[in-house]
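Protein chains: 2
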Amino acid sequence: MLNYIILGMIFDCTASGYDIKKYIEKGIGIFYKASYGSIYPTLKKLTEDGLVTVTKEEQGARQKKLYTITAEGQQIFLKWLSEPISPEEGNGNNSHLARVYFYDKLPYETVKQQLLDYELNNTTYLRKLLLLKDNFQSPDIQGKYYYKISTLYYGIAILQETIRWCQFIRGREPFENFLNKGGLNNE
Amino acid sequence: MLNYIILGMIFDCTASGYDIKKYIEKGIGIFYKASYGSIYPTLKKLTEDGLVTVTKEEQGARQKKLYTITAEGQQIFLKWLSEPISPEEGNGNNSHLARVYFYDKLPYETVKQQLLDYELNNTTYLRKLLLLKDNFQSPDIQGKYYYKISTLYYGIAILQETIRWCQFIRGREPFENFLNKGGLNNE
DNA sequence: ACAAACATGTAATAAGTTACATGATTGG
DNA sequence: CCAATCATGTAACTTATTACATGTTTGT
Numbered sequence: 239m240l241n242y243i244i245l246g247m248i249f250d251c252t253a254s255g256y257d258i259k260k261y262i263e264k265g266i267g268i269f270y271k272a273s274y275g276s277i278y279p280t281l282k283k284l285t286e287d288g289l290v291t292v293t294k295e296e297q298g299a300r301q302k303k304l305y306t307i308t309a310e311g312q313q314i315f316l317k318w319l320s321e322p323i324s325p326e327e328g329n330g331n332n333s334h335l336a337r338v339y340f341y342d343k344l345p346y347e348t349v350k351q352q353l354l355d356y357e358l359n360n361t362t363y364l365r366k367l368l369l370l371k372d373n374f375q376s377p378d379i380q381g382k383y384y385y386k387i388s389t390l391y392y393g394i395a396i397l398q399e400t401i402r403w404c405q406f407i408r409g410r411e412p413f414e415n416f417l418n419k420g421g422l423n424n425e
Numbered sequence: 239m240l241n242y243i244i245l246g247m248i249f250d251c252t253a254s255g256y257d258i259k260k261y262i263e264k265g266i267g268i269f270y271k272a273s274y275g276s277i278y279p280t281l282k283k284l285t286e287d288g289l290v291t292v293t294k295e296e297q298g299a300r301q302k303k304l305y306t307i308t309a310e311g312q313q314i315f316l317k318w319l320s321e322p323i324s325p326e327e328g329n330g331n332n333s334h335l336a337r338v339y340f341y342d343k344l345p346y347e348t349v350k351q352q353l354l355d356y357e358l359n360n361t362t363y364l365r366k367l368l369l370l371k372d373n374f375q376s377p378d379i380q381g382k383y384y385y386k387i388s389t390l391y392y393g394i395a396i397l398q399e400t401i402r403w404c405q406f407i408r409g410r411e412p413f414e415n416f417l418n419k420g421g422l423n424n425e
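Chains as they are written, first to last, in my numbering: chain F, 239 to 425; chain V, 239 to 425.
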């Protein structure tokens with residue numbers, strides 16, 4: 239995963255390992271973290287595989303290694319990006335978001351198709367959970383297993399929001415209409 | 239994590255490694271998966287640490303190892319369960335749910351406190367994201383970085399649902415009032 | 001002067017997955 | 001009889017984290 243994220247982050251601008259860490263924090267820090275202990279070794283491997291090249295830049299005594307994506311690197315990245323979002327992706331770990339983050343680099347038709355597939359997978363899964371929940375309707379079961387059941391309802395709520403989000407961004411609707419009113423909102 | 243989940247799963251009933259796998263699938267399979275390649279070694283370590291004991295049961299030529307939690311195991315489990323849900327927990331990976339799943343074993347006051355803390359952390363985070371989103375309001379930025387921005391809105395939506403869920407289950411309200419109407423719902 | 005940020009990296013460890021390897025029992 | 005399920009485990013590998021180790025430059 240990190241290898242693709244690095245390729246995406248330097249897709250149209252050269253950067254150092256240190257820079258990449260900051261790009262990740264600023265860009266997808268909400269749902270993905272990477273430490274130097276993983277970034278530097280990954281950069282090394284990407285170099286060995288010929289997906290990036292490195293140029294040393296010296297500013298006085300301070301050294302800096304700038305990484306540039308190669309044509310093969312771009313190809314590999316775009317291939318990964320075009321692949322469908324697998325059902326496990328986004329299921330718990332939000333790694334589907336890392337993919338979507340880079341969707342501005344993909345043709346609109348591809349994006350639409352992947353988002354539709356992802357939405358359908360989520361809908362299928364939601365249907366299953368909605369049926370499951372019906373097994374836990376009696377008051378005595380809800381009393382004894384309240385919190386166990388609550389995790390099921392959490393899953394349902396998150397799936398519903400995910401589906402709503404998919405439908406919304408598939409249509410590239412303006413975000414001002416996205417947020418639910420109610421709760422805390424700063425307008 | 240898996241060590242605690244196993245302790246929780248056999249907290250009040252003895253089970254085999256095979257059983258545990260099924261309990262996990264049935265119970266928290268929505269947001270957590272475990273393979274035999276992690277379950278059996280973990281069971282071995284728990285035995286070495288004295289948190290579980292094992293008894294061999296032979297049914298004909300078929301052997302089965304039944305694991306029972308020890309007093310120390312129960313103590314360690316309840317200690318873990320009582321700890322606050324850390325902010326990273328639930329942030330991307332939904333491991334907070336594994337904790338909540340076992341909350342029926344905890345005094346109501348403890349549960350209420352942990353859920354309140356967790357809700358507050360989420361609220362703080364939500365406030366930060368709501369401010370962040372204001373930096374991306376101009377139409378040309380939304381055109382160029384639509385999908386990047388979409389991940390921010392996803393985060394906001396999920397946080398809002400998480401907070402709503404926290405408030406709801408903190409009050410132990412009946413689930414019939416939880417689900418949002420609209421979208422696909424089977425009633 | 002000193003803290004924060006810039007900058008790169010390694011070693012030990014953690015926590016798991018996947019594929020392999022083996023065999024018994026049950027239900028149709 | 002044969003597929004599915006029951007039942008346990010190991011070996012190689014993946015992917016990351018944490019702590020360590022080192023040194024520079026900028027801003028106050």
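Where is the CB? At the ideal position from N, CA and C, for every residue including glycine. None of the values given here were measured: they were computed from a predicted structure.
Out of F/T362, F/S320, F/L370 and F/F269, point me to the one whose CA is closest to F/E347's CA.
F/S320
Report yes if the CB atom of F/N331 is closer than 8 Å to the CB atom of V/N415, and no otherwise.
no
Are there 16 or more other CB atoms within 10 angstroms of the CB of V/G393, so buried, or fewer, so exposed?
buried
Contact residues within the stretch 334-355 of chain V, judged by C-beta distance below 8 Å to chain F
L335, V338, Y339, F340, Y341, D342 and V349
Against chain F, which members of the stretch 278-296 of chain V pass a CB distance test of less than 8 Å?
none
Residues of chain V with a CB under 8 Å from the CB of F/K382: which are they?
D342
Against V/W403, what residues of chain F qualify as contacts under a CB-to-CB distance less than 8 Å, listed in chain order?
S388, Y391, Y392 and A395
Inspect the beta-carbon positions of V/I262 and V/A272 and report whether they are closer than 8 Å.
yes
Taking 8 Å as the threshold, find out whether the stretch 305-323 of chain F comes into contact with the stretch 339-346 of chain F through three or more Cβ pairs.
yes
Closest Cβ-Cβ distance between F/L211 and chain V: below 8 Å?
The question about residue 211 of chain F has no answer here: the residues shown for chain F are numbered 239 through 425.
Please list the partners that F/R410 has in chain V, where partner means a Cβ-to-Cβ separation under 7 Å.
Y384
Let me know if F/G288 comes out buried or exposed under the rule of 16 or more other beta-carbons within 10 Å of its beta-carbon.
exposed
Given 8 Å as the limit, is there contact between the stretch 266-282 of chain V and the stretch 360-370 of chain V, that is, 3 or more CB pairs closer than that?
no
Might you give, ordered along the chain, the residues of its own chain that have their beta carbon closer than 6 Å to the beta carbon of F/P325, omitting 5 neighbours on each side?
N359
DSSP beta-bridge partners for V/T293?
V/L304
Work out the CA separation of V/E296 and V/V290 for me, nearest whole Å.
19 Å
Sorry if obvious, but does the Cβ on V/K371 come closer than 7 Å to a heavy atom of the ligand NAD?
The ligand NAD is not among the ligands present in this structure, which contains no ligands whatsoever.
To the nearest angstrom, how far is it from the Cα of F/G267 to the Cα of V/L353?
24 Å
Residues of chain V with CB closer than 9 Å to the CB of F/G265, please, in chain order.
K386 and T389
Could you compute how far the alpha carbon of F/L245 sits from the alpha carbon of F/Y256?
14 Å
Tell me the DSSP secondary structure of F/A299 in three-state form.
coil
Are any of the Cβ atoms in chain V nearer than 8 Å to that of F/I244?
no
Residue(s) in a DSSP beta bridge with V/A253
V/Y305
Could one say the Cβ of F/Q398 lies closer than 8 Å to chain V's Cβ atoms, at least one of them?
yes
Below-8 Å beta-carbon distance, F/L249 vs any chain V residue:
Per the sequence shown, the amino acid found at residue 249 of chain F is Phe instead of Leu. Cβ-Cβ to chain V under 8 Å: no for F/F249.
Among the residues of its own chain, which have a CB less than 7 Å from the CB of F/F406, if the five just before and after it don't count?
F416
Taking only beta-carbon positions, decide if V/N331 is within less than 8 Å of chain F.
yes
Inter-residue Cα distance where the pair is V/T362 and V/R337
21 Å
Cα-Cα, which of F/I258, F/R365 and F/G409 is closest to F/L281?
F/I258
Give a yes or no on whether the minimum CB-CB distance between V/I323 and chain F is below 8 Å.
no
Check this for me: beta carbons of F/Y384 and V/R410, under 8 Å apart or not?
yes
I'd like to know whether the C-beta of V/I212 is nearer than 8 Å to at least one C-beta of chain F.
Residue 212 of chain V is absent from the model: chain V starts at 239 and stops at 425.
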